[in-house]
Amino acid sequence: MDNMTFVLFGGTGDLAKRKIYPALFNLYIDKKMPETFSIIALGRKETSHAEFQQVVAKSLETFSRRKANDQAVLNAFLETIRYAALDAGNLEDFNKLRTLVEQREQELNIPDNRLFYLSVAPEFFETIAFNIKDSGLGSTQGWKRLVIEKPFGRDLQSARHLNEQLGKAFDESEIYRIDHYLGKPMVQNLEILESSNPILKALWSNHHIANVQITASETVGVEERAGYYDHSGAIRDMVQNHMLQLLMMISMRLPRKGDASEVRMKKRNVMESLRPLQMDTIAQNVVRGQYAAGEMNGKRVPAYIDEPGVPAGSKNDTFIALRLWIDNYFWSEVPFYIRTGKRMKEKSTRIVIEFKEPLKGQNTNNDPNLLVIEINPNEGIFIQLNKKDPLNNEKLEPMRINFYECGTDLPEAYENLIHDAVRGDSTFFAHWDEVELSWQYVQPILDAFEQDLIPLSYYPAGSNGPEASDQLVAADGFKWWLDK
Ligand code: BG6
């Protein structure tokens with residue numbers, strides 16, 4: 000792994016403290032960082048290097064998966080960090096930053112490999128990218144990389160604009176777009192699961208699969224994020240990125256474990272095969288919901304509309320369910336259902352694959368075979384089969400076989416992704432093609448919301464979403480599996 004400098008914009012922010020420093024520290028403990036590296040944290044306020052190192056120490060104490068038992072290891076990590084105040088719009092500050100970066104490169108005798116991590120609001124992406132270029136910070140003999148996190152635009156047009164602008168300072172191969180769902184260990188396992196297991200591979204197509212259900216339900220409400228969320232809704236916050244990435248990961252067909260370019264190509268193939276939504280039938284394929292007041296864990300919680308900061312009369316979507324079709328050789332005629340929402344009964348991200356019942360009609364009403372992939376908060380894989388009820392020969396009952404349950408001390412998504420970005424492996428980052436095709440797919444939904452073509456269904460907080468979402472799958476003769 001190349002020695003390098005990690006330049007963190009937004010170094011005093013919440014994400015940096017909760018996720019990024021702990022990720023870097025855990026990688027350091029695990030010896031997954033380069034032998035010599037420099038971290039430069041940037042924020043608005045003036046603070047000394049030493050004071051800032053203590054801020055990081057505090058964040059590690061609070062948020063790190065592993066604690067520093069050995070003070071010398073902690074000190075050595077903190078010693079890699081320098082802090083500088085920077086105004087993102089001020090080129091002069093970038094010139095000073097370049098001097099600091101170069102000075103550290105000389106002190107540590109490391110090449111000018113630079114990773115710029117933008118943990119800042121998206122409205123700063125372009126300005127920072129330009130200032131990196133104009134200050135010469137990006138003119139390196141070694142490599143340079145830009146790491147950014149969603150949202151990448153708020154519709155197809157703005158996403159294209161942003162991409163064009165970033166493209167003036169960084170090449171596509173240098174841009175690492177984080178979708179933290181792609182960093183989750185079980186999501187990283189999906190490509191292996193299908194490509195390396197002949198049993199599953201043999202069943203992995205429309206011959207045997209009846210439908211695929213992808214759920215990401217959350218128990219939290221809008222929290223303190225109404226300002227952002229009310230303009231974004233579940234469609235931009237979850238569907239355009241995380242949910243469609245899960246869809247790509249579960250449905251792409253890899254001949255073997257693929258490298259970054261192969262995975263990208265396969266994901267793009269999926270997106271290109273998605274049947275576009277048509278305005279005249281969109282309401283039959285998309286359910287838009289918003290949580291009403293309800294009960295969660297014995298406590299009354301308010302409706303979305305009564306949450307602090309939510310504008311009166313907001314029609315924002317806190318829930319989306321969607322039926323999609325992948326019109327290719329493997330998946331044609333298999334409905335994929337996506338469902339995500341806030342203030343739902345349980346926190347669960349999972350994929351359920353329901354297998355066809357070959358004896359349908361002749362047989363009883365057996366439960367179908369299911370392959371269940373639990374992604375979050377529990378990780379695991381189980382399969383549901385049928386067996387005879389030992390006390391009643393006439394009856395079949397489902398049994399579950401747990402293939403795999405993960406331990407609890409796994410690397411967090413950010414750890415995996417930062418490690419990959421530092422090593423230059425972009426397999427689990429969102430390539431522009433995927434981002435663009437996702438916006439392209441979602442754009443008719445945004446337009447339909449604007450034109451009020453899709454009714455807003457309300458669901459009580461603490462439920463499994465609006466009834467319309469059950470009807471969506473029932474219309475095809477199915478039901479959502481594993482709803483508690
Ligand atoms: C974020 C969304 O990207 O993902 C949040 O902005 C959401 O609204 C979160 O709560 C869910 O992530 P996870 O990892 O808890 O499923």
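Each step along the sequence shown adds one to the number in numbering that gives the first Met the number 0, with nothing skipped, and position 411 is 410. Glycine included, C-beta positions come from ideal geometry on N, C-alpha and C.
Quick test of your reading: residue i and residue j, contact by CB under 8 Å. State the CB separation rounded to the nearest angstrom.
{"i": "THR4", "j": "ARG103", "result": "7 Å"}
{"i": "LYS386", "j": "HIS207", "result": "20 Å between Cβ atoms; not a contact."}
{"i": "VAL55", "j": "TYR20", "result": "5 Å"}
{"i": "TYR303", "j": "THR317", "result": "5 Å"}
{"i": "LEU253", "j": "SER216", "result": "LEU253 to SER216, Cβ: 28 Å. No contact."}
{"i": "ILE234", "j": "SER272", "result": "Not confirmed; about 21 Å, so no contact."}
{"i": "MET248", "j": "LEU321", "result": "Between LEU321 and MET248 the Cβ distance is about 17 Å, and since that is not below 8 Å, they are no contact."}
{"i": "PRO184", "j": "GLU378", "result": "6 Å"}
{"i": "PHE151", "j": "ALA158", "result": "5 Å"}
{"i": "ILE177", "j": "VAL146", "result": "6 Å"}
{"i": "LEU481", "j": "VAL371", "result": "7 Å"}
{"i": "GLN156", "j": "SER437", "result": "Contact flag wrong, Cβ pair sits at about 14 Å."}
{"i": "ASP229", "j": "SER313", "result": "6 Å"}
{"i": "PHE24", "j": "PHE76", "result": "6 Å"}
{"i": "GLY464", "j": "MET343", "result": "6 Å"}
{"i": "ALA209", "j": "GLU353", "result": "5 Å"}
{"i": "VAL300", "j": "ALA292", "result": "7 Å"}
{"i": "GLU171", "j": "TRP431", "result": "6 Å"}
{"i": "ASN2", "j": "PHE36", "result": "6 Å"}
In this structure, how does DSSP classify residue i when only helix, strand and coil are distinguished?
{"i": "MET0", "result": "coil"}
{"i": "LEU14", "result": "helix"}
{"i": "THR139", "result": "coil"}
{"i": "ARG422", "result": "helix"}
{"i": "LYS265", "result": "helix"}
{"i": "ILE234", "result": "helix"}
{"i": "LYS298", "result": "strand"}
{"i": "TRP431", "result": "helix"}
{"i": "TYR328", "result": "coil"}
{"i": "MET270", "result": "helix"}
{"i": "LEU253", "result": "coil"}
{"i": "ASP229", "result": "helix"}
{"i": "PHE318", "result": "strand"}
{"i": "PHE93", "result": "helix"}
{"i": "ALA291", "result": "strand"}
{"i": "GLU217", "result": "coil"}
{"i": "GLU465", "result": "In the sequence as presented, Glu is not what sits at residue 465; that position holds Pro. Reduced to three states, the DSSP call for PRO465 is coil."}
{"i": "PRO459", "result": "strand"}
{"i": "GLU45", "result": "coil"}
{"i": "GLY182", "result": "helix"}
{"i": "ARG103", "result": "helix"}
{"i": "ALA311", "result": "coil"}
Does any heavy atom of the ligand BG6 sit closer than 7 Å to the C-beta of residue i?
{"i": "HIS179", "result": "yes"}
{"i": "GLU217", "result": "yes"}
{"i": "THR214", "result": "no"}
{"i": "HIS430", "result": "no"}
{"i": "MET295", "result": "no"}
{"i": "HIS207", "result": "no"}
{"i": "HIS241", "result": "yes"}
{"i": "MET237", "result": "yes"}
{"i": "THR426", "result": "no"}
{"i": "THR348", "result": "yes"}
Where does residue i land, buried or exposed, given buried means 16+ other C-beta within 10 angstroms?
{"i": "ILE400", "result": "exposed"}
{"i": "LYS44", "result": "exposed"}
{"i": "GLY308", "result": "exposed"}
{"i": "VAL262", "result": "buried"}
{"i": "SER47", "result": "exposed"}
{"i": "LYS18", "result": "buried"}
{"i": "ILE417", "result": "buried"}
{"i": "THR61", "result": "exposed"}
{"i": "ILE453", "result": "buried"}
{"i": "GLY226", "result": "exposed"}
{"i": "TYR328", "result": "exposed"}
Taking only heavy atoms of the ligand NAP into account, decide whether any of them is closer than 7 Å to the Cβ of residue i.
{"i": "ASN377", "result": "What this structure holds is the ligand BG6, not the ligand NAP."}
Checking the sheet assignment: what are the DSSP bridge partners for residue i?
{"i": "ASP279", "result": "ASP279 is not bridged to any residue."}
{"i": "PHE5", "result": "ILE38, LEU114"}
{"i": "VAL371", "result": "VAL351, PHE381"}
{"i": "ASN210", "result": "GLU353"}
{"i": "LEU323", "result": "PHE335"}
{"i": "ILE400", "result": "ILE382"}
{"i": "ILE177", "result": "GLU148"}
{"i": "VAL286", "result": "ALA320"}
{"i": "MET343", "result": "SER462"}
{"i": "TYR20", "result": "Paired residues: none, contrary to the question."}
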